[in-house]
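What follows is a single structure, written as structure tokens, with notes after it.
Number of protein chains: 2
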Amino acid sequence: MYIHQVAYSKPSASQTAVTGWAELPGCQQSTQGYAAGTYLFYEGDDAAFVHEVVTGIVCNFRTMSDGRRQVVSFSYPGDLIGLVQGERHRFSSQTVSPARIRRIPKGALLKSAAARPEIAERLLDFATSELAILQERFVTLNRKSAQERIATFFLELVERLGDGNKGGSVTLTLPMRRRDMADYLGLSVETVSRILTVMKNSGVIDLPHSSVVVIRDIFELEDLAECEDEF
Amino acid sequence: MYIHQVAYSKPSASQTAVTGWAELPGCQQSTQGYAAGTYLFYEGDDAAFVHEVVTGIVCNFRTMSDGRRQVVSFSYPGDLIGLVQGERHRFSSQTVSPARIRRIPKGALLKSAAARPEIAERLLDFATSELAILQERFVTLNRKSAQERIATFFLELVERLGDGNKGGSVTLTLPMRRRDMADYLGLSVETVSRILTVMKNSGVIDLPHSSVVVIRDIFELEDLAECEDEF
DNA sequence: CGCCCACTTGACGATCATCAAGAGTGGTGG
DNA sequence: CCACCACTCTTGATGATCGTCAAGTGGGCG
Numbered sequence: 001m002y003i004h005q006v007a008y009s010k011p012s013a014s015q016t017a018v019t020g021w022a023e024l025p026g027c028q029q030s031t032q033g034y035a036a037g038t039y040l041f042y043e044g045d046d047a048a049f050v051h052e053v054v055t056g057i058v059c060n061f062r063t064m065s066d067g068r069r070q071v072v073s074f075s076y077p078g079d080l081i082g083l084v085q086g087e088r089h090r091f092s093s094q095t096v097s098p099a100r101i102r103r104i105p106k107g108a109l110l111k112s113a114a115a116r117p118e119i120a121e122r123l124l125d126f127a128t129s130e131l132a133i134l135q136e137r138f139v140t141l142n143r144k145s146a147q148e149r150i151a152t153f154f155l156e157l158v159e160r161l162g163d164g165n166k167g168g169s170v171t172l173t174l175p176m177r178r179r180d181m182a183d184y185l186g187l188s189v190e191t192v193s194r195i196l197t198v199m200k201n202s203g204v205i206d207l208p209h210s211s212v213v214v215i216r217d218i219f220e221l222e223d224l225a226e227c228e229d230e231f
Numbered sequence: 232m233y234i235h236q237v238a239y240s241k242p243s244a245s246q247t248a249v250t251g252w253a254e255l256p257g258c259q260q261s262t263q264g265y266a267a268g269t270y271l272f273y274e275g276d277d278a279a280f281v282h283e284v285v286t287g288i289v290c291n292f293r294t295m296s297d298g299r300r301q302v303v304s305f306s307y308p309g310d311l312i313g314l315v316q317g318e319r320h321r322f323s324s325q326t327v328s329p330a331r332i333r334r335i336p337k338g339a340l341l342k343s344a345a346a347r348p349e350i351a352e353r354l355l356d357f358a359t360s361e362l363a364i365l366q367e368r369f370v371t372l373n374r375k376s377a378q379e380r381i382a383t384f385f386l387e388l389v390e391r392l393g394d395g396n397k398g399g400s401v402t403l404t405l406p407m408r409r410r411d412m413a414d415y416l417g418l419s420v421e422t423v424s425r426i427l428t429v430m431k432n433s434g435v436i437d438l439p440h441s442s443v444v445v446i447r448d449i450f451e452l453e454d455l456a457e458c459e460d461e462f
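Heads up: the protein sequence lines correspond to chains A and B, in order.
Okay, so the first sequence: first residue is 1 according to the numbering used here, each after it adds one.
Okay, so the second sequence: first residue is 232 according to the numbering used here, each after it adds one.
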């Protein structure tokens with residue numbers, strides 16, 4: 001029930017203007033640093049603040065009663081987390097790397113939106129973009145094979161973390177652990193590991209380190225991801 | 232990339248006030264009737280109108296290049312479809328039953344929002360609720376077994392179509408075909424059919440007709456759906 | 001240096017998709 | 001009114017994918 005930007009490329013392209021909520025009245029101008037693994041809030045917590053990621057990566061997830069966990073999204077610098085409609089957060093939010101976070105009082109944000117149409121429009125744009133991203137992700141993950149999911153995920157990461165080097169090989173430093181990836185993609189940790197080995201053996205990627213992925217041929221990766229090319 | 236209400240109970244409870252966009256300037260006061268199977272728009276179409284479902288059920292889906300189809304949501308009376316951020320629809324929308332639809336010019340809707348904060352707030356509320364519903368659905372479908380998905384889906388339908396009869400047995404008339412259900416739940420048609428037979432044989436439901444489901448014990452169905460009870 | 005934790009690899013089984021055929025349903029026309 | 005046809009739904013058999021359990025391997029940090 002919160003709003004945040006997820007790792008996905010095309011629909012989020014129009015959101016580069018989303019950063020800069022800091023000038024809003026009542027907003028902390030300073031940011032706060034967190035160690036990796038810190039919870040920003042738990043499912044059920046009072047949703048008094050919207051969080052803006054300044055640096056680092058945040059993992060937003062829901063844990064089921066039987067222990068199954070679903071990562072709904074990762075949030076990257078510039079993303080907002082926790083703009084929920086109700087009183088309480090419906091998901092937990094935890095940093096996966098050291099992060100700097102700006103906390104924006106939700107009440108002040110909504111008051112600004114009521115007073116200034118351009119703020120309201122910006123929030124609505126953000127929400128509809130979020131929706132598009134989630135819908136896209138839905139299509140992606142509900143029908144794709146394990147390999148297609150992982151290929152899609154790497155393309156997302158390239159969009160969000162990439163150094164702009166689009167041709168030839170791209171080096172990705174994975175900020176999250178296998179468990180987070182697996183829970184994001186709806187797979188088991190073992191399957192993620194296995195698929196990575198398969199992709200390495202087939203020459204699509206290289207794994208000089210468990211947290212470093214070298215994409216040898218990004219076009220081949222796009223083929224593996226399927227149906228990402230139709231935009 | 233459009234906004235609509237999906238079949239889900241808890242987060243959408245606060246949205247009963249969503250109907251009544253008809254009084255907006257520029258909005259057609261009249262509705263238009265469509266036969267079952269009519270496309271409201273196709274993926275890639277210009278998103279000039281937001282559609283409000285007055286009666287009937289609408290299926291919103293995306294088709295992949297290789298034919299795999301993912302139903303993102305079903306829209307029920309009172310739901311909005313197609314409030315997208317960009318210029319074009321990202322999904323196709325098709326009636327699954329005879330329907331009456333009100334078409335609202337998107338430009339007029341956004342202009343109203345800019346002029347009247349309460350309209351903007353309503354739209355934002357709608358969008359964030361939509362987000363919550365999709366996130367919830369995400370958690371639900373990415374980790375659940377076939378039977379859990381179908382049980383969850385029936386509970387959604389009871390919420391949206393139910394006659395308020397919550398105790399004992401409930402009779403559902405399924406407005407969509409097996410293929411739509413399967414594509415919504417990420418299953419094959421055959422699996423849906425098989426699971427229905429299993430649930431019938433175990434006494435949870437009865438199937439007097441292929442499109443009529445009698446839920447014998449809704450609490451047992453809730454047990455089958457899992458992890459819906461934690462709210 | 002050694003422990004701990006994440007990651008990898010292997011073996012096996014369960015779930016579900018696919019292919020194929022048969023049964024039920026609705027609609028149309030003779 | 002019945003018969004035919006097209007379509008949906010059901011059921012069966014088989015296999016592939018992926019999860020689970022279990023045992024290793026390797027890197028990071030004290």
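Ideal Cβ placement from N, Cα and C applies to all residues, glycine included.
9 Å Cβ cutoff met for residue i and residue j
i      : j      : result
B/A330 : B/G264 : yes
A/V53  : A/G37  : no
B/S328 : B/G287 : yes
B/L354 : B/L314 : yes
B/M295 : A/E226 : yes
B/A266 : B/G338 : no
A/D217 : A/G162 : no
B/A358 : A/E118 : no
A/L110 : A/W21  : no
Of the residues the options, the one placed nearest residue i, counting alpha carbons only
i      : options                           : result
A/D210 : A/E222, A/A225 and A/M181         : For clarity, residue 210 of chain A is Ser in the given sequence; the question names Asp instead. Residue A/M181 is the option with its Cα nearest to A/S210.
A/S235 : A/L40, A/R179, A/G86 and A/L141   : In the structure displayed, chain A extends from 1 to 231; residue 235 of chain A sits before or after that span and is not available.
B/F385 : B/F280, B/E453, B/S296 and B/L314 : B/E453
A/R62  : B/V315, B/S261 and B/E367         : B/E367
B/R380 : B/L341, B/D356, B/S360 and B/I426 : B/I426
A/P175 : A/I205, A/P117, A/Q94 and A/L109  : A/Q94
A/E43  : A/V72, A/A35 and A/A108           : A/V72
B/S261 : B/D297, B/R299, B/I335 and B/F357 : B/I335
A/V214 : A/A151, A/D183, A/D45 and A/L187  : A/A151
B/G298 : B/E421, B/L438, B/P439 and B/R410 : B/R410
A/V212 : A/V170, A/L109, A/D46 and A/D183  : A/V170
A/V232 : A/R160, A/D45 and A/L207          : Since the displayed chain A opens at 1 and closes at 231, residue 232 of chain A lies outside it and no answer follows.
B/L418 : A/K144, A/E190 and A/L207         : A/K144
Supposed close pair residue i, residue j - CB separation, criterion 8 Å
i      : j      : result
B/N291 : B/F322 : 5 Å
B/L403 : B/L388 : 5 Å
A/V139 : B/Q301 : 4 Å
B/V464 : B/I332 : Residue 464 of chain B cannot be examined here, being either before or after the span of chain B that is shown, 232 to 462.
A/A120 : B/A363 : With a Cβ gap of about 19 Å, A/A120 and B/A363 do not count as contacting.
B/L455 : B/V423 : With 8 Å as the limit, B/L455 and B/V423 do not qualify as a contact, their Cβ atoms being about 15 Å apart.
A/Q85  : B/D356 : 6 Å
Per DSSP, cross-strand counterpart(s) of residue i
i      : result
A/L80  : A/E52
B/H440 : B/V443
A/G33  : A/R100
B/P336 : B/F280
A/Y94  : Looking at the sequence itself, residue 94 of chain A is Gln, so the reference to Tyr does not match. BP columns for A/Q94 point to A/Y39 and A/C59.
A/Q70  : A/R62
A/S75  : A/V58
B/V401 : B/I446
B/R319 : B/D277
The region 311–321 of chain B / the region 428–446 of chain B touching (three or more Cβ pairs under 8 Å): Under the 8 Å Cβ criterion, the region 311–321 of chain B does not count as touching the region 428–446 of chain B, having fewer than three qualifying pairs.
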